Amino acid sequence: MNAGRMLTIATLCTLLTGAGFAQVPGQTIQARKNDQQARIAQGVRSGQLTAHETRNLESREAHLNREEHAMRRADNGHLTAQDKARLTHQQNHISHSIARDKHNAAVR
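All you need for my numbering is the position in the sequence shown, starting with 1, plus 465.
So this is what it looks like as structure tokens:
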């Protein structure tokens, strides 16, 4: 199999996996937000997150919340599969930022 075909197959698999995450119910998105808030709070308590890192993460979480509310307003209180995929994608980025910030050399 040539490299181009392998890349195409790998890309398709990645997209299909992402579409699977898009099918999670709205409650899962809320549970994930709660978990990430708990991770931020733990980082503050332990001193792993600086004030600047905490402000940045909280700001991004607040933006995500506003975006979710706008999505729900647009669809009579519901999230479409596309909305869920977008929110999950953004939550993934925030999650990686939380981990990176908690494990860098900066401490308060």
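Even glycine gets a Cβ: it sits at the ideal position worked out from N, Cα and C.
Remember, predicted model here, so these are calculated numbers, not experimental data.
Contact belief for residue i with residue j at Cβ below 8 angstroms, rounded distance in angstroms
i    : j    : result
L522 : S562 : 6 angstroms
Q501 : Q556 : 7 angstroms
Alpha-carbon spacing of residue i relative to residue j, whole angstroms
i    : j    : result
R497 : A539 : 22 angstroms
E518 : D566 : 7 angstroms
G508 : A570 : 13 angstroms
D548 : N499 : 18 angstroms
L544 : H554 : 14 angstroms
V489 : A564 : Note that V489 scores a pLDDT of 42, beneath 50, so its modelled location is shaky; the value from the coordinates is reported in the next line. Between V489 and A564, the C-alpha separation is close to 23 angstroms.
A506 : R525 : 15 angstroms
A542 : R504 : Note on residue identity: the sequence assigns Gly, not Ala, to residue 542. Going from the Cα of G542 to the Cα of R504 covers about 28 angstroms.
S511 : H568 : 11 angstroms
A546 : H558 : 19 angstroms
L529 : R520 : 14 angstroms
When the options are compared against residue i, the one with the closest alpha-carbon
i    : options                   : result
L552 : R504, V572, M536 and R573 : M536
V572 : T515, T493 and E526       : T515
Residue i beta carbon near the ligand MN (any heavy atom closer than 8 angstroms)
i    : result
A516 : You won't find the ligand MN in this model; it holds no ligand whatsoever.
9 angstroms Cβ cutoff met for residue i and residue j
i    : j    : result
I494 : E532 : no
task: Please list the segments of the alpha helix (DSSP H) lying wholly inside the region 495-546, counting only runs of 4 or more residues, in order along the chain.
output: 516-539
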